[in-house]
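In what follows, a structure is listed as structure tokens, so that the remarks can point back to it.
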Amino acid sequence: MAQNAVLKRDGTNVVVGSNCAATSGSWVSPYDNVPTNLASDLDIDHVVPLKEAWVSGARTWTNAQREAFANDLVRPQLIAVTDSLRVIRIPPSGWSPSPATDAPTSGPGFTLNTTTSSASTKLKRPP
Numbered sequence: 671m672a673q674n675a676v677l678k679r680d681g682t683n684v685v686v687g688s689n690c691a692a693t694s695g696s697w698v699s700p701y702d703n704v705p706t707n708l709a710s711d712l713d714i715d716h717v718v719p720l721k722e723a724w725v726s727g728a729r730t731w732t733n734a735q736r737e738a739f740a741n742d743l744v745r746p747q748l749i750a751v752t753d754s755l756r757v758i759r760i761p762p763s764g765w766s767p768s769p770a771t772d773a774p775t776s777g778p779g780f781t782l783n784t785t786t787s788s789a790s791t792k793l794k795r796p797p
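Position in the sequence shown (first residue = 1) + 670 = this note's numbering.
Written out as structure tokens, the structure is:
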């Protein structure tokens, strides 16, 4: 399952339960820089939202290409984030963290990550 793979990849000292799911470890959400030790405090987010990918060109892809993009663990397209942030549905072009956060995504890192994900899949970036 992609969720467990992301939790293992993005965490340190990850403990896996009897059902092979990550239960604890150490993670820092890249969107808000919030640390946690509980996998249940995290959700898995798409760096490039699937709707944005669709309108940016993924609609012309085959089902297999869309599925590969949605579950990509290499670029990465999937990352572990604070679960309360995942419900915010703002495209990357319209989002930035509040000045109070010291999120690493507030500058070039976030732009580079979304640009890399888009460029590697030949998606058109919004202006």
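Ideal Cβ placement from N, Cα and C applies to all residues, glycine included.
In this structure, Asp702 sits near Leu755, with a CB-CB distance shorter than 8 angstroms.
If one requires a minimum length of 4 residues, the alpha helix (DSSP H) runs lying completely within the stretch 712 to 750 are 720 to 725 and 733 to 740, in chain order.
Straight across, the Cα-Cα distance linking Pro700 with Asp753 is about 12 angstroms.
For Ala692, the enclosing beta strand (DSSP E) has its first and last residue at Ala692 to Val698. The Cβ-Cβ distance between Ala692 and Val698 does not fall below 8 angstroms. Around the beta carbon of Ala734, fewer than 16 other beta carbons lie within 10 angstroms, which makes this residue exposed. The Cβ-Cβ distance between Val676 and Leu720 does not fall below 8 angstroms. The Cβ neighbour count for Val725, taken over all protein chains shown within 10 Å, is under 16; the residue is labelled exposed. In the structure shown, Val686 falls within a strand segment according to DSSP collapsed to helix, strand and coil. Between the beta-carbon of Asp680 and that of Ala728 there is about 24 angstroms, and that puts the pair past the 8 angstroms contact cut.
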